[in-house]
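Residue numbers (my numbering): 4 to 67.
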C-alpha cells in the first residue's frame, strides 16, 4: 500500500466526507508528482487542506 498526498480545498473535501461528492478529478501538474496510472486498489490518498475558495459552484460578477 502506498500513500499519496494531494492538496484539496475544504468545501470539496467536506462533500467527499458527506458522500455528496463521489469523484475527484485531477490533472497532471508540476507540483504533485503522482503517477496516476500507478495507483492500485488499497492505496491511500491523504488530502491536505489548502486555503482559498474552490472554483466550482461559485458565482462570479459576470453571472449576475
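Backbone N, C-alpha and C define an ideal beta-carbon position, used for all residues, glycine too.
As the structure is a computational prediction, the values presented were derived from the model and not from experiment.
When beta bridges are read from the DSSP output, residue 15 appears opposite no residue. Residue pairing for residue 7: DSSP places it in a beta bridge opposite 48.
8 Å or more divides the Cβ of residue 36 from the Cβ of residue 11. With a beta-carbon spacing of about 6 Å, residue 15 and residue 24 fall inside the 8 Å limit used to define contacts. With contacts defined as CB atoms closer than 8 Å, residue 7 and residue 46 qualify as a contacting pair.
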